[in-house]
Amino acid sequence: MHAMHYEITLPADYDMEIIHRRVRERGPLLDEMPGLGLKAYGVRERGVDGSARNQYSPFYLWHDPAGMHSFLWEGGFRGIVDDFGRPAVPHWIVLAFEPGPEFSAVPRAAGKRVERLPGEVVPGEPIAAAVAELAGHARREGVHSAALVVDPRSWELVRYTLWAELAPDEDPVRYRVEHVSMPGLAHLRHGRQW
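Residue numbers (my numbering): 710 to 903.
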């Protein structure tokens, strides 16, 4: 399984209703996308939830590279490029995904935590500890689901959490979730690691 998350930073005076409307109109188009496990349409607004900027910031979980490639080369990403230019698209290997107690709810917020593994550390032990920590984190009240991903080029671990209501202040980066497409989430089993 693979994860993608790009951030489109917008001017401070940008009319964010343009983004809200975009998500309302285009979000449902991926509700049936083959190969897509989940897409959370994250939005940050300057002055809200501690954000210093306006951003449109989608997060994806893909079952296989073919779905991700189809989206990037042949499909929906064209709309991003046409409207905002071509952003860098960071992507990671998914280590674990955990549904939480609010898995049946529609998530309204997301949080992101990034940790870099020190260069002198052999990665197996801290990654195993982070996967175990994710399982406990996902059982917290208010959690819809959580994913732990890694970039082995930079040894960056990222934890994304979808929340039923608000993301807590402990998440360094918080988003409002405007829409969630989950066409392939039913295939993800609790505790399964990739």
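Ideal placement from N, C-alpha and C gives every residue a C-beta, glycine not left out.
Task: Local conformation of Trp782 per DSSP, three classes - done: Correct three-state label for Trp782: helix.
Task: 4 or more residues per run - each alpha helix (DSSP H) lying fully within the stretch 724 to 766 - done: Qualifying alpha helix (DSSP H) stretches, in chain order: 726 to 735.
TODO: May I have the straight-line CA-CA distance separating Ser769 from Glu829, to the nearest angstrom?
DONE: Here residue 769 is Tyr; the residue named in the question, Ser, does not match the sequence. For Tyr769 and Glu829, the distance between alpha carbons rounds to 31 Å.
TODO: Assign Arg753 to buried or exposed, taking buried as 16 or more other Cβ atoms, counted over all protein chains shown, within 10 Å of its Cβ.
DONE: Around the C-beta of Arg753, 16 or more other C-beta atoms lie within 10 Å, and the residue is accordingly described as buried.
TODO: For Pro799, collect the residues of the same chain with a Cβ closer than 8 Å to its Cβ; drop the 5 residues on either side in sequence, then sort them by chain order.
DONE: Counting only residues of its own chain and dropping the five nearest sequence neighbours on each side, Pro799 has a CB closer than 8 Å to the CB of Met713, His714, Tyr715, Asp860.
Open item on the list: Less than 8 Å between the beta carbons of Leu871 and Ser854, yes or no?
Closed with: Leu871 places its beta carbon less than 8 Å from that of Ser854.
TODO: Counting only runs of 4+ residues fully inside the stretch 785 to 865, write out the alpha helix (DSSP H) ranges in chain order.
DONE: Runs found: 786 to 793, 833 to 847.
Open item on the list: Using C-beta distances below 8 Å, list every residue in its chain close to Ala797, excluding the 5 sequence neighbours before and after it, in chain order.
Closed with: Result list for Ala797: Tyr715, in chain order.
Open item on the list: Please report the distance separating the alpha-carbon of Ile717 from that of Tyr750.
Closed with: CA-CA distance, Ile717 to Tyr750, rounds to 12 Å.
- [ ] Compare the beta carbon distance of Leu745 and Gly788 with 8 Å and say whether it is the shorter of the two.
- [x] For Leu745 and Gly788, no; Cβs fall outside 8 Å.
Task: Identified DSSP bridge partners for Ala873 - done: Per DSSP, none; premise fails for Ala873.
Open item on the list: Less than 7 Å between C-beta atoms, sequence neighbours within five positions excluded: which residues of the same chain meet that for Ile728?
Closed with: Within the same chain, Ile728 has close Cβ partners Val752, Tyr765.
Task: Sub-8 Å separation of Leu757 and Gly820 beta-carbons - done: This sequence places Val at residue 757; Leu is not what is there. The answer is no: Cβ separation not under 8 Å.
- [ ] Indicate whether Arg822 and Ala873 have their beta-carbon atoms separated by less than 8 Å.
- [x] No; because the gap between Cβ atoms is not below 8 Å, this pair is not in contact.
- [ ] Determine the direct distance from the alpha carbon of Glu842 to that of Asn763, and round the result to whole angstroms.
- [x] In this model, Asn763 and Glu842 are separated by some 31 Å (Cα to Cα).
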